[in-house]
Amino acid sequence: MPTLQPIFTIPKTVTLTLHTMKNIVKILIVIISFSAISCQKPSENSKTPIINILNIKTANNTTISVFSPGDEIHIEYNIIDNEELDICTVSINWIKQLKQFENKALNAPAWNLYNKKHALTGAEDNGKVIIEIPQNIKDGVYELLFSAIDVDGNSVTIEKEFWIAYK
């Protein structure tokens with residue numbers, strides 16, 4: 000019986016190259032799979048909004064930190080989020096009485112009742128809040144709290160102190 004002879008022979012170096020090519024293809028498939036998974040957008044927004052208080056002024060456009068009862072406080076702001084904004088809250092709280100004015104309006108209430116929410120839309124909001132200071136309030140140091148919340152619940156608050164003093 001005659002023995003079969005191969006029609007052609009593949010050198011061993013080529014066989015190793017084919018084996019190596021198969022491994023390279025497998026590695027590329029794994030790399031592409033992982034990169035496709037890692038490039039997907041995360042489902043949850045983890046960045047807090049950024050608040051820029053541009054100005055705190057009086058009605059006549061004067062930038063000050065001491066107001067009087069009856070004045071208006073004009074707050075210009077810019078809020079930025081990487082996705083979508085939801086709400087901003089502005090509140091004012093009394094901190095302490097000023098020593099030099101402690102004899103005036105002793106029976107006046109502290110102004111802790113200002114707390115307003117404003118709906119926001121989009122990834123950036125520029126606006127102005129106008130707050131009228133009541134006539135009969137306690138003088139002293141007050142704190143402005145300005146908060147922003149995005150649609151995912153991430154929040155940030157900035158605080159600014161100002162004075163209310165009787166003239």
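So the sequence shown is numbered by numbering that gives the first Met the number 0: it starts at 0 and just counts up by one.
For glycine and all other residues, C-beta sits at the position ideal for the given N, C-alpha and C.
In the DSSP assignment, Asp124 falls within the beta strand (DSSP E) that extends over 123-131.
For the set Glu82, Glu123, Ile129, Asp80, the Cα lying nearest the Cα of Gly69 is the one of Ile129. Rounded to whole angstroms, the Cβ separation of Asn51 and Tyr76 is 7 Å, and the two are in contact under 8 Å. Contact annotation: Leu53 and Asp85 have beta-carbon atoms that are not nearer than 8 Å. Nearest to Ala58 by C-alpha distance, out of Asp151, Ile72, His117, is Ile72. 8 Å or more divides the Cβ of Asn92 from the Cβ of Tyr165. Ile136 places its beta carbon 8 Å or farther from that of Ser67. Under the 10 Å beta carbon count, Ile148 is surrounded by 16 or more other beta carbons and is classified as buried. Contact annotation: Asn125 and Thr47 have beta-carbon atoms that are not nearer than 8 Å. Beta-bridge annotation (DSSP): Gly69 is not paired with any residue.
Glu75 sits in a strand when the DSSP states are folded into three classes.
According to the DSSP assignment, Asp80 belongs to no beta strand (DSSP E), since it is labelled neither H nor E.
Residues Glu71 of the same chain have their beta carbon placed closer than 6 Å to that of Glu131, with the five preceding and five following residues left out of the count.
Shown here for Val150: same chain residues with a beta carbon closer than 6 Å to its own, the five before and five after excluded, namely Glu83, Asp85 in chain order. Of the other Cβ atoms in all chains shown, 16 or more fall within 10 Å of the Cβ of Gly139; this residue is therefore buried. Between Glu160 and Leu144, the gap from beta carbon to beta carbon reaches 8 Å or more.
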